[in-house]
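Below is one structure, written out as structure tokens, with a few remarks after it.
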Amino acid sequence: MRKFLIAALLLAVGAISVLAQDQKNELAGTIGRTIISDQTTPDTSTPFNTVHFGHGTSFNVNYGRRLRSYRWGDLSVEVPVIFNPDEDLNYGTNQIPKEYSSYFITPAARVTFIPNLAISPWLSFGGGIGIFHASSELLYFGSNNGDRSKVTGAIQGGIGFDVRLPKVERLKFRFEARDDWSGGPPLNIDTGRSRQHNYYVGAGVVFRF
Numbered sequence: 009m010r011k012f013l014i015a016a017l018l019l020a021v022g023a024i025s026v027l028a029q030d031q032k033n034e035l036a037g038t039i040g041r042t043i044i045s046d047q048t049t050p051d052t053s054t055p056f057n058t059v060h061f062g063h064g065t066s067f068n069v070n071y072g073r074r075l076r077s078y079r080w081g082d083l084s085v086e087v088p089v090i091f092n093p094d095e096d097l098n099y100g101t102n103q104i105p106k107e108y109s110s111y112f113i114t115p116a117a118r119v120t121f122i123p124n125l126a127i128s129p130w131l132s133f134g135g136g137i138g139i140f141h142a143s144s145e146l147l148y149f150g151s152n153n154g155d156r157s158k159v160t161g162a163i164q165g166g167i168g169f170d171v172r173l174p175k176v177e178r179l180k181f182r183f184e185a186r187d188d189w190s191g192g193p194p195l196n197i198d199t200g201r202s203r204q205h206n207y208y209v210g211a212g213v214v215f216r217f
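Numbers in our numbering are just positions in the sequence shown, counted from 1, shifted up by 8.
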């Protein structure tokens, strides 16, 4: 039994050592803003009939794994999860919720160009789901009795670059911009749009292991 435990321990240490040297995996975290264009409703009888979206502080947690390496770059898969906890809203009447939160979970393929340089640009494309949850309160006063939750399909496209940090092999700085094209949140009104662009711009760090 003792010999078995020693052998298992040595095997585990060897496996961890190989993974550490290979560094195919990465875990990234960024913080930024979600930007959504204003939406004007078809109802011209309503004064100030444009829905204004705030630039909610948002977070992206992303796991990635490198699949193949080529002379020109790397091919990876990733799972970005973008969370916007508080998207403020504004409108001319007391029909819409005062805010909503959103999640976008969009598995994707990512191509990183010239990863051994100090600055490595990359492109990402994928798709998944978007989850919206509206506030229980209306914009100015009263309870929101409309539909508060919505799940929709989402297509994700992203660009960015990773920057090497001096003397820190496992960490990189990341700047990214992503667009989750999805259905709209539950607003209780007809904006005349079935889908919207949810732009995320953020920066943070990448840990490779």
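Where is the CB? At the ideal position from N, CA and C, for every residue including glycine.
Asked, Found
"Continuous beta strand (DSSP E) stretch holding Tyr148: start and end", "Careful: Tyr148 lies outside any beta strand (DSSP E) and carries neither H nor E."
"Uninterrupted alpha helix (DSSP H) stretches inside the segment 86-171 (no shorter than 4 residues)", "none"
"CA nearest to the CA of Ser132, picked from Ala142, Gly138, Phe140, Thr120", "Thr120"
"Close Cβ partners of Leu195 (< 6 angstroms) along its chain, the five nearest in sequence each way excluded", "Ile104"
"Residue nearest to Gly165 in terms of C-alpha spacing, selected from Ala117, Pro93, Thr48, Arg76", "Ala117"
"Nonlocal neighbours in the same chain, by C-beta distance under 7 angstroms from Val171, ignoring five residues either side", "Ala126, Ile127, Lys180, Phe181"
"Glu107 burial status per 10 Å Cβ neighbour count (16 or more: buried)", "buried"
"Pair within 9 angstroms by beta-carbon distance, Ser157 and Phe140", "yes"
"Reference Val59; option with closest CA among Val85, Ser110, Thr48, Glu145", "Thr48"
"Of the listed residues Val87, Trp80, Pro93, nearest to Asn70 (C-alpha basis)", "Val87"
"Beta carbon of Ile44 nearer than 9 angstroms to that of Thr65", "no"
"Closer than 9 angstroms to chain C by CB, Gly192", "Any reference to chain C falls outside this structure, which holds one protein chain only."
"Cβ neighbour criterion (16 or more within 10 Å) applied to Thr52", "exposed"
"Residue ranges of each beta strand (DSSP E) within the segment 169-217, 3 or longer", "176-191, 203-216"
"Span separating the alpha-carbon of Asp94 from that of Ser109", "5 angstroms"
"Endpoints, beta strand (DSSP E) assigned at Thr42", "33-43"
"Buried or exposed by the 16-neighbour rule on C-beta atoms within 10 Å, applied to Phe56", "exposed"
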